[in-house]
Amino acid sequence: MHATAVITGGTSGIGRAFARAFAERGYDIIITGRRRKVLEATAAEIRAATGRKVETTILELTDARRRSAFGEFLGARDDVEVLINNAGFGLSAEFDAEHLRRHLDMVEVHVRATLEFTAAVLPGMRKRRSGAIINVSSVAGFFPMPRGSIYSASKAFLISFSESLAMEVRKDGIRVQALCPGMTRTDFHDHMGVSGKEITQRRFLVWMSPERVVEASLGALRRNRVVCIPGVFNRVVARVFSHTPRRIYYRLVAGIRK
Ligand SMILES: NC(=O)c1ccc[n+]([C@@H]2O[C@H](COP(=O)([O-])OP(=O)(O)OC[C@H]3O[C@@H](n4cnc5c(N)ncnc54)[C@H](OP(=O)(O)O)[C@@H]3O)[C@@H](O)[C@H]2O)c1
Numbered sequence: 008m009h010a011t012a013v014i015t016g017g018t019s020g021i022g023r024a025f026a027r028a029f030a031e032r033g034y035d036i037i038i039t040g041r042r043r044k045v046l047e048a049t050a051a052e053i054r055a056a057t058g059r060k061v062e063t064t065i066l067e068l069t070d071a072r073r074r075s076a077f078g079e080f081l082g083a084r085d086d087v088e089v090l091i092n093n094a095g096f097g098l099s100a101e102f103d104a105e106h107l108r109r110h111l112d113m114v115e116v117h118v119r120a121t122l123e124f125t126a127a128v129l130p131g132m133r134k135r136r137s138g139a140i141i142n143v144s145s146v147a148g149f150f151p152m153p154r155g156s157i158y159s160a161s162k163a164f165l166i167s168f169s170e171s172l173a174m175e176v177r178k179d180g181i182r183v184q185a186l187c188p189g190m191t192r193t194d195f196h197d198h199m200g201v202s203g204k205e206i207t208q209r210r211f212l213v214w215m216s217p218e219r220v221v222e223a224s225l226g227a228l229r230r231n232r233v234v235c236i237p238g239v240f241n242r243v244v245a246r247v248f249s250h251t252p253r254r255i256y257y258r259l260v261a262g263i264r265k
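Just add 7 to the spot in the sequence shown (first one is 1) and you have our numbering.
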């Protein structure tokens with residue numbers, strides 16, 4: 008039996024980089040996504056490059072029945088050594104009735120899917136007394152934002168949940184990480200409908216490649232760091248903003264997000 012790494016949202020960006028990195032380290036891989044052609048092409052590329060087994064599952068994470076079926080599938084396996092709850096999307100929209108459906112979709116994808124899949128793999132990891140769970144959060148988890156309320160809140164939830172769970176399961180030999188990337192060059196901003204070019208022109212932002220984000224995450228996992236913020240710039244910004252007096256913070260962020 009080979010150790011398997013499961014990565015949700017493996018069709019592009021950070022998820023795809025994780026899949027490649029774990030395959031290179033000798034893991035068999037299961038990746039999920041919605042874009043069938045991209046998913047199959049990604050799997051074929053990783054198989055060809057690494058010789059590892061790569062399984063694919065088409066999975067819409069807002070669909071409760073499909074989520075639950077995937078959870079059952081994971082729970083029935085006894086080889087899931089790594090789970091990466093990575094799938095996610097951004098939304099720049101006020102919290103109102105008009106956008107409620109998309110905000111609730113985000114809760115399903117970022118929060119419910121993470122909880123359901125984590126619960127599914129924990130018994131096997133506990134039995135084997137080993138395993139790792141990486142929940143892909145964001146530096147946005149440290150920054151409440153106008154027009155990003157549920158994105159920031161769902162990512163903050165993932166940080167808090169990961170820290171609590173890490174303390175709970177440490178005794179069982181299981182590691183948990185909240186990965187909090189800053190701006191990363193992926194399909195994320197295109198999917199959000201924000202042109203990559205437009206954001207790249209904002210000079211104060213520092214971008215990272217998905218491969219560097221994954222490298223930082225794996226380094227932190229080796230060192231048993233629970234919260235991983237890749238990149239010095241992102242770490243400094245997260246720390247400074249977390250300690251900025253709230254009244255100043257609200258003015259500053261409202262100004263930036265005008
Ligand atoms: N890029 C950044 O600047 C940045 C910064 C901080 C945190 N993050 C986080 O990093 C994670 C990965 O994002 P990325 O930057 O790699 O973006 P990406 O290239 O757009 O990848 C997102 C992945 O999530 C999947 N996905 C999105 N919505 C889904 C849904 N409803 N059901 C099933 N799968 C869904 C996508 O699959 P399909 O498109 O095939 O459906 C895709 O594989 C996300 O959780 C994101 O919040 C990104």
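Here a beta-carbon is modelled for each residue, glycine too, at the ideal position from N, C-alpha and C.
If we count the other Cβ atoms within 10 Å of its Cβ and call it buried at 16 or more, is Ser161 buried or exposed? buried
I'd like the ranges of any beta strand (DSSP E) spanning at least 3 consecutive residues and lying wholly in the stretch 8-69. 11-14, 35-40 and 61-65
For Gly58, which option in Gly82, Phe29 and Asp86 has the closest C-alpha, if you only look at C-alpha atoms? Phe29
Under 8 Å Cβ to Cβ from Ala120, same chain only, skipping five residues before and after it: list those, please. Thr15, Leu68, Arg74, Asn92 and Ala94
Need the endpoints of the beta strand (DSSP E) that Asn142 sits in, please. Gly138 to Val143
Our contact map puts Val61 next to Ile21 with C-beta atoms below 8 Å; I'd like the distance itself, whole angstroms only. In fact, because the Cβ distance is near 17 Å, the residues do not count as touching under 8 Å.
Taking the beta carbon of Ser249 as the centre, do at least 16 other beta carbons fall within 10 Å, making it buried, or is it exposed? exposed
Limits of the beta strand (DSSP E) - the one that Asn92 falls within: Val87 to Asn92
Using beta carbons (cut-off 8 Å, strictly below), is Lys44 in contact with chain B? Protein chain content of the structure displayed is limited to a single chain, and chain B is not contained in it.
Taking Glu88 and Ala10 to be in contact with their CB atoms under 8 Å, please state how far apart those CB atoms are, rounded to whole angstroms. 4 Å
Run of the beta strand (DSSP E) containing Ala100, from where it starts to where it stops: Counting along the chain, Ala100 falls outside any beta strand (DSSP E), and DSSP gives it neither H nor E.
Quick check on the DSSP output: the alpha helix (DSSP H) that includes Val220 runs from which residue to which? Pro217 to Arg229
What residue range does the beta strand (DSSP E) around Arg253 cover? Not the beta strand (DSSP E): Arg253 falls in the alpha helix (DSSP H), residues Arg253 to Ile263.
What residue range is occupied by the uninterrupted beta strand (DSSP E) comprising Leu186? Ile181 to Leu186
Quick one: Cα of Phe77 to Cα of Val220, how far? 27 Å
I'd like to know whether the C-beta atoms of Leu282 and Ser137 end up nearer to each other than 8 Å. Outside the displayed range of the chain (8 to 265) lies residue 282, so it cannot be described from this structure.
Let me know if Ile255 comes out buried or exposed under the rule of 16 or more other beta-carbons within 10 Å of its beta-carbon. exposed
DSSP has Thr191 in a bridge; who is on the other side? Met215
Nearest-angstrom Cα separation, counted from Thr39 out to Glu115: 15 Å
Check whether the stretch 96-107 and the stretch 213-232 are in contact - that is, three or more C-beta pairs closer than 8 Å. no
Quick check: is any heavy atom of ligand 1 less than 7 Å from the C-beta of His106? no
What's the gap between the Cα of Arg177 and the Cα of Gly131? 15 Å
For Arg41, verify whether its CB is less than 7 Å away from any heavy atom of ligand 1. yes
Using DSSP bridges, identify the partner residues of Val234. Ala185
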